[in-house]
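S.K.: So the sequences go chain by chain: L and B.
Letter by letter, the first sequence follows residues 253 to 580 of my numbering.
Letter by letter, the second sequence follows residues 24 to 461 of my numbering.
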Amino acid sequence: MWRYIIKRILYAIPVLIGVNLITFSLFFIVNTPDDMARMHLGQKYVKQAAVDRWKRKHGYDKPIFFNQDANGISKFTDTLFVDQTIKLFTFNFGVSDGGRNISHDITVRMWPSLFVAVPTLLFGLVLNISFAFLLVFFRHQTLDLTGSILCIMMMSISSLFYIIGGQYLFGKLMFLVPISGYSDGWLVAKFIALPIIVSIIAAMGAGARWYRTIFLEEVGKDYVRTARAKGLGEFRVLFRHVLRNGLIPILTGVVVILPTLFMGSLILESFFAIPGLGSYTIDAIQSQDFAIVRAMVFLGAVLYIVGLIMTDIAYIMADPRVQLDGTH
Amino acid sequence: MTFKPILLATDFLWFVLLGLLALVIWRICRSNEARKPWLHVFSNGFALSASLVLATYALIATLDSIHYQPCETHQSQTVCQTRVYSVLDSVLAPLNKPMEISYSKPFATHLKSQSLHAPLKITSAWSSYISFEKRLKYDLLFAFVTAMAICFLLSLFFAKHLRFKKAGIFWLTLFTIIITLTFMYVLSRHFHILGTGKVGQDIFYQTIKSIRTGLFIGTLTTLVMLPFALVLGILAGYRGGIYDDIIQYVYTTLSSIPAVLLIAAMVLSLQVYIANHPNLFTTLDSRADLRLLILCAILGLMSWTTLCRLLRAEVLKLRESDFLLAARALGSRTITIMYRHLLPNVMHIVLITVVLDFSGLVLAEAVLSYVGVGVSPTMNSWGNMINSARLQLAREPVVWWPILSAFSFMFILVLAANLFADSVRDAFDPRTRQIKKT
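(1) For Asp287/L and chain B, any beta-carbon pair shorter than 8 Å?
(2) Classify Gly483/L: buried if its beta carbon has 16 or more other beta carbons within 10 angstroms, exposed otherwise.
(3) Report buried or exposed for Leu43/B, applying the criterion of at least 16 other Cβ atoms within 10 angstroms of its Cβ.
(4) Could you give the residue range of the beta strand (DSSP E) that holds Pro28/B?
(5) Taking its Cβ as the centre, do 16 or more other Cβ atoms sit within 10 Å of Arg461/L, making it buried, or is it exposed?
(6) List, in chain order, every chain B residue whose beta-carbon is nearer than 8 Å to that of Val489/L.
(7) From what residue to what residue does the alpha helix (DSSP H) around Pro425/B run?
(8) Within 10 Å of its beta-carbon, does Gly552/L have 16 or more other beta-carbons around it, so buried, or fewer, so exposed?
(9) Contact defined as beta carbons within less than 8 Å: I believe Lys232/B pairs with Tyr126/B. What is the distance between those atoms, to the nearest angstrom?
(10) Out of Asp286/L, Ala384/L and Phe345/L, which has the shortest C-alpha to C-alpha gap to Leu402/L?
(11) For chain A, is any of its Cβ atoms less than 8 Å away from the one on Ala384/L?
(12) Distance check for Phe198/B and Tyr161/B, CA to CA, integer angstroms please.
(13) Classify Asn410/B as buried or exposed, calling it buried when 16 or more other Cβ atoms lie within 10 Å of its own Cβ.
(14) Put Asp225/B into one of helix, strand or coil per three-state DSSP.
(15) Output the distance between the C-alpha atoms of Trp424/B and Asp225/B, rounded to the nearest integer angstrom.
(16) Please tell me whether, using a cut-off of 7 Å, the distance from the CB of Leu334/B to the nearest non-hydrogen atom of the ligand FAD is below it.
(17) Counting along the chain, where does the alpha helix (DSSP H) carrying Tyr469/B start and finish?
(18) Where does Tyr312/L sit, in a helix, a strand or coil, going by DSSP?
(19) In the stretch 197 to 219 of chain B, which residues sit with their C-beta less than 8 Å from some C-beta in chain L, listed in chain order?
(20) Taking only three categories from DSSP, how would you classify Tyr272/B?
(21) What number of angstroms, rounded off, separates the C-alpha of Trp149/B from the C-alpha of Leu159/B?
(22) Among the residues of its own chain, which have a CB less than 6 Å from the CB of Gly457/L, if the five just before and after it don't count?
(23) Could you check which residue in Ser365/L, Val489/L and Ile544/L has the C-alpha nearest to that of Leu284/B?
(24) Ignore the nearest five residues each way along the sequence and tell me which others in Ser392/B's own chain have a CB closer than 7 Å to its CB.
(25) Using a cut-off of 7 Å between C-beta atoms, extract the partners of Gln538/L located in chain B.
(26) Please tell me whether Tyr272/B has its Cβ less than 8 Å away from any Cβ of chain L.
(27) Reducing DSSP to helix, strand and coil, say where Ala570/L ends up.
(28) Residues of chain L with CB under 9 Å from Ser99/B, in chain order?
(29) Following the continuous beta strand (DSSP E) through Val102/B, name the residue where it begins and the one where it ends.
(30) Using the DSSP secondary-structure output, state which residues sit across from Ser127/B in a beta bridge.
(31) Give the interface partners of Gly270/L over in chain B, defined as CB-CB distance under 9 Å, in chain order.
(32) Can you tell me whether Tyr475/L is buried or exposed? The criterion is at least 16 other CB atoms within 10 Å of its CB, across all chains shown.
(33) Excluding sequence positions up to five away, which residues of its chain have a Cβ less than 6 Å from the Cβ of Val271/L?
(34) Among Pro453/B, Ala298/B, Phe38/B and Ser446/B, which has the Cα closest to the Cα of Ala73/B?
(35) I'd like to check one pair, Pro447/L with Ile565/L: are the Cβ atoms closer than 8 Å?
(36) Can you give the Cα-Cα distance for Leu86/B and Leu41/B, rounded to whole angstroms?
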């Protein structure tokens with residue numbers, strides 16, 4: 253198993269270089285650093301001297317891929333691409349175009365994101381699994397049919413509607429919670445309650461329906477028939493056999509998103525004014541701060557790959573039959 | 024007054040798509056074997072109604088895709104307007120021009136106070152000599168009679184020919200659609216049935232125009248990405264080796280970038296590019312249209328990875344099967360095997376993925392427009408409507424009608440797509456067929 257994990261980690265390096273190449277070409281070739289400087293200094297009537305000064309200040313004044321003035325190997329290494337790539341790989345995200353330290357911002361802003369994302373995941377998982385299991389218990393009956401249609405309807409509603417509707421109903425009409433905002437200490441519960449509830453409900457339709465399919469698939473398997481043939485009651489068959497086996501794909505499916513949790517949710521955080529990484533990213537997008545967007549893209553890719561590796565490990569731990577030989 | 028037809032890039036792709044769809048339907052109708060799963064799809068009442076609703080949306084989008092510029096001749100010299108109109112615009116005219124000063128509630132008749140946010144009076148040619156209640160009554164009566172007449176004529180001519188299991192549901196849905204559309208259209212002649220927006224633009228018109236944007240995002244994305252996913256997926260699975268390695272590397276790399284961020288990054292770069300090359304994009308309409316098309320391409324670039332992965336896995340399985348061995352033994356070329364043997368056998372995966380992706384894409388448009396990286400802000404889209412609604416909901420009195428109309432029209436489209444996709448999956452996916460049996 254260790255050999256496999258090391259192999260996967262090594263494979264991550266070319267993938268990350270590829271990710272970086274894509275974002276780099278997007279930000280530096282389609283828009284040259286000159287364009288970026290003009291964008292930040294004002295679209296027109298900017299003197300070249302001011303552009304050069306801005307570029308030097310942000311470290312964008314080197315050639316992109318090939319440095320003619322340098323000697324030997326540094327013809328290729330003393331360039332913008334290598335500079336920026338090495339910076340990202342050492343998790344030194346540098347200074348944003350607006351002049352803030354990105355790494356520091358990330359360590360501060362990941363906590364609010366986690367405060368919202370972790371309870372959402374836990375409560376959502378419990379709720380979805382219970383609901384899906386309820387539907388499976390009454391499968392092919394009226395309750396199951398109604399529940400399935402309800403799920404389809406819930407997943408047809410835009411997530412924006414849940415957010416806006418939730419804010420309007422609980423914040424503006426019923427005065428139960430503040431509409432948006434954030435605070436330190438225990439008061440935070442008041443602010444994050446609504447975002448958590450809203451995101452659980454918004455994800456419930458799709459989640460519960462998917463889990464229902466997984467459980468239904470398990471119900472059709474041979475071991476369930478064997479259990480019934482042994483004379484076990486429906487209740488015991490479902491809870492002792494189907495639930496446990498159905499949980500394997502569900503829980504291993506959750507593992508992949510665990511590392512990305514603290515990246516937060518872009519939309520939710522910006523609507524509820526939670527100072528997490530999601531709203532950080534969206535602010536960067538809207539103010540066209542490319543350094544932050546590039547750092548967040550890289551971070552997201554790293555975390556996704558970590559999540560994939562963790563999924564594989566989780567599979568081995570949950571199901572001893574799974575053998576990872578590295579071919580597939 | 025003459026008309027100069029205009030073919031925008033997205034119009035062209037939409038008609039290509041319609042052509043392909045017609046071709047596929049014709050092929051399906053001819054073959055007994057291909058018809059069987061589709062009969063199963065339409066034996067589901069929900070799917071039947073859903074497909075009718077989808078067809079209505081598609082019809083509106085098609086009307087909105089035939090564009091023209093009105094031209095006028097002055098002394099043997101034709102001068103065309105710079106604005107581009109669609110057939111839908113002329114059907115809905117004069118709603119495409121703002122008539123009020125500011126927000127007004129649906130069916131509002133008079134100004135409550137002088138403050139800007141109060142409902143305003145609607146203006147129309149009739150209003151001067153017939154009172155509001157009378158006009159509403161006449162309009163309702165007229166709409167009712169027209170709708171009944173259309174339904175009656177339809178059933179008179181077609182009821183004999185359409186005899187199948189779920190004919191009742193078919194007619195019920197069709198009549199509901201016809202009645203709803205007739206009522207909305209007739210009433211929209213004299214009233215702002217869904218109110219007006221900030222600068223007095225009609226919300227009903229905006230919502231109807233947004234159908235094209237939503238539908239195009241959902242379908243053109245697929246059209247753009249399908250060739251890549253098909254060719255690369257089958258190639259990776261069948262040829263293996265270095266092809267497989269490279270293709271796998273590409274899609275792993277693309278899918279490990281958070282989708283929203285990559286889309287945002289691409290759209291941002293594009294914005295800078297457009298800002299720096301203003302001479303390439305002359306009219307506002309073509310610029311907005313290009314942005315829609317590029318958004319589709321970007322979304323397609325993001326979504327082909329999933330389909331490619333599924334196709335590769337399926338082809339890996341098929342590669343070992345006997346019929347492919349036979350084909351190879353008979354000396355078929357690789358291209359022939361991929362086209363004649365592999366492609367038809369993975370088509371069910373393509374179909375299921377495409378219909379399942381559609382609703383997600385329509386919903387994604389709203390979110391992306393909210394982030395500011397969606398379609399152009401000048402384009403009518405549900406995302407843009409919802410985006411502006413944040414401020415409207417904070418007003419007093421609350422302006423609820425634009426956001427509610429956008430959400431309802433979007434909800435109906437997505438719900439129909441989801442119900443249809445569900446039935447398609449039931450009919451084509453061997454795995455769910457297994458579940459159904461137990």
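For every residue, glycine included, the Cβ atom is placed at its ideal position computed from N, Cα and C.
Predicted, not measured: the structure shown is a model, and the values here were computed from it.
M.R.: In short, the structure shows the following:
(1) The residue you call residue 287/L lines up with position 35 of the first sequence. Chain B, which has a Cβ nearer than 8 Å to the Cβ of Asp287/L, makes this yes.
(2) What you label residue 483/L is simply residue 231 of the first sequence in a count that begins at 1. Flag for Gly483/L reads exposed.
(3) In the second sequence, the residue the question calls residue 43/B occupies position 20. Residue environment: Leu43/B is assigned as exposed (fewer than 16 neighbouring CB atoms within 10 Å of its CB, all protein chains considered).
(4) Against the second sequence, residue 28/B aligns to sequence position 5. Pro28/B -> beta strand (DSSP E) spans Thr25 to Ile29.
(5) If you number the first sequence from 1, residue 461/L lands on position 209. The residue in question, Arg461/L, is buried, as its Cβ has 16 or more Cβ neighbours within 10 Å.
(6) Residue mapping note: residue 489/L aligns to position 237 of the first sequence, counting from 1. Residues of chain B passing the Cβ test: none, with the nearest at roughly 13 Å.
(7) Start at 1 with the first residue of the second sequence, and residue 425/B comes out as number 402. Where Pro425/B is concerned, the enclosing alpha helix (DSSP H) stretches over Trp424 to Phe451.
(8) For the purposes of this step, residue 552/L is taken as residue 300 along the first sequence, with counting starting at 1. The residue in question, Gly552/L, is buried, as its Cβ has 16 or more Cβ neighbours within 10 Å.
(9) Taking the second sequence and counting its residues from 1, one reaches residue 232/B at position 209. Taking the second sequence and counting its residues from 1, one reaches residue 126/B at position 103. With 8 Å as the limit, Lys232/B and Tyr126/B do not qualify as a contact, their Cβ atoms being about 19 Å apart.
(10) As a position in the first sequence, residue 402/L is number 150, starting the count at 1. The candidate whose alpha carbon is nearest that of Leu402/L is Ala384/L.
(11) Looking at the structure shown, chain A is missing, and the protein chains on hand are L and B.
(12) Working through the second sequence from its first residue, we reach residue 161/B at position 138. Working through the second sequence from its first residue, we reach residue 198/B at position 175. Each residue's Cα considered, the two are about 21 Å apart.
(13) Sequence index remark: in the second sequence, residue 410/B carries index 387 (1-based). Counting of Cβ neighbours within 10 angstroms places Asn410/B among the buried residues, the total reaching 16 or more.
(14) As a working note, residue 225/B is residue 202 in the second sequence. Asp225/B falls in the strand class under three-state DSSP.
(15) As a working note, residue 424/B is residue 401 in the second sequence. As a working note, residue 225/B is residue 202 in the second sequence. Roughly 11 Å between the two C-alpha positions.
(16) Here there are no bound small molecules, and the ligand FAD is not part of this structure.
(17) Given that chain B is displayed from residue 24 to residue 461, the structure contains no residue 469/B and the question cannot be resolved.
(18) For the purposes of this step, residue 312/L is identified with residue 60 of the first sequence, where counting begins at 1. Residue state, collapsed to three classes: coil.
(19) none
(20) Locating residue 272/B in the second sequence gives position 249, counting from the first residue. Of the three classes helix, strand and coil, the one that applies to Tyr272/B here is helix, per DSSP.
(21) Taking the second sequence and counting its residues from 1, one reaches residue 149/B at position 126. Taking the second sequence and counting its residues from 1, one reaches residue 159/B at position 136. Because Trp149/B sits at a pLDDT of 46, beneath the cut-off of 50, its placement in the model cannot be relied upon, and the point is left open.
(22) For the purposes of this step, residue 457/L is identified with residue 205 of the first sequence, where counting begins at 1. Within the same chain, Gly457/L has close Cβ partners Cys403, Met406 and Met407.
(23) By 1-based counting over the second sequence, the position of residue 284/B is 261. The candidate whose alpha carbon is nearest that of Leu284/B is Ile544/L.
(24) Translated into positions along the second sequence, residue 392/B becomes position 369. Within the same chain, Ser392/B has close Cβ partners Val398, Ser404, Gly406, Asn407 and Asn410.
(25) For this step, residue 538/L is matched to residue 286 along the first sequence. Residues of chain B passing the Cβ test: Gly395.
(26) The residue you call residue 272/B lines up with position 249 of the second sequence. By this cut-off, Tyr272/B is an interface position.
(27) Walking along the first sequence from the start, residue 570/L turns up at place 318. Ala570/L falls in the helix class under three-state DSSP.
(28) The residue given as residue 99/B occupies position 76 in the second sequence. Correct list: empty, because the minimum Cβ distance to chain L is about 41 Å.
(29) Against the second sequence, residue 102/B aligns to sequence position 79. DSSP places Val102/B in the uninterrupted beta strand (DSSP E) bounded by Thr101 to Cys103.
(30) Numbered from 1 along the second sequence, position 104 holds the residue referred to as residue 127/B. In the DSSP output, where bridge partners are listed per residue, Ser127/B has Thr219/B.
(31) The residue labelled residue 270/L in the question sits at position 18 within the first sequence. Within 9 Å Cβ-Cβ: Tyr272, Val273, Thr275, Thr276, Leu277 and Ser279.
(32) On the first sequence, position 223 is the one that residue 475/L refers to. Tyr475/L is exposed by the Cβ-count criterion.
(33) By 1-based counting over the first sequence, the position of residue 271/L is 19. By the criterion of a C-beta distance shorter than 6 Å, Val271/L is surrounded in its chain by Ala553, once the five residues flanking it on both sides are discounted.
(34) Within the second sequence, residue 73/B is the residue found at index 50, counting from 1. Closest option to Ala73/B, Cα to Cα, is Ser446/B.
(35) Numbered from its first residue, the first sequence carries residue 565/L at position 313. Numbered from its first residue, the first sequence carries residue 447/L at position 195. Pro447/L sits away from Ile565/L, with the two beta carbons spaced by 8 Å or more.
(36) Along the second sequence, one-based indexing puts residue 86/B at 63. Along the second sequence, one-based indexing puts residue 41/B at 18. Near 13 Å, if we compare the C-alpha coordinates of Leu41/B and Leu86/B.
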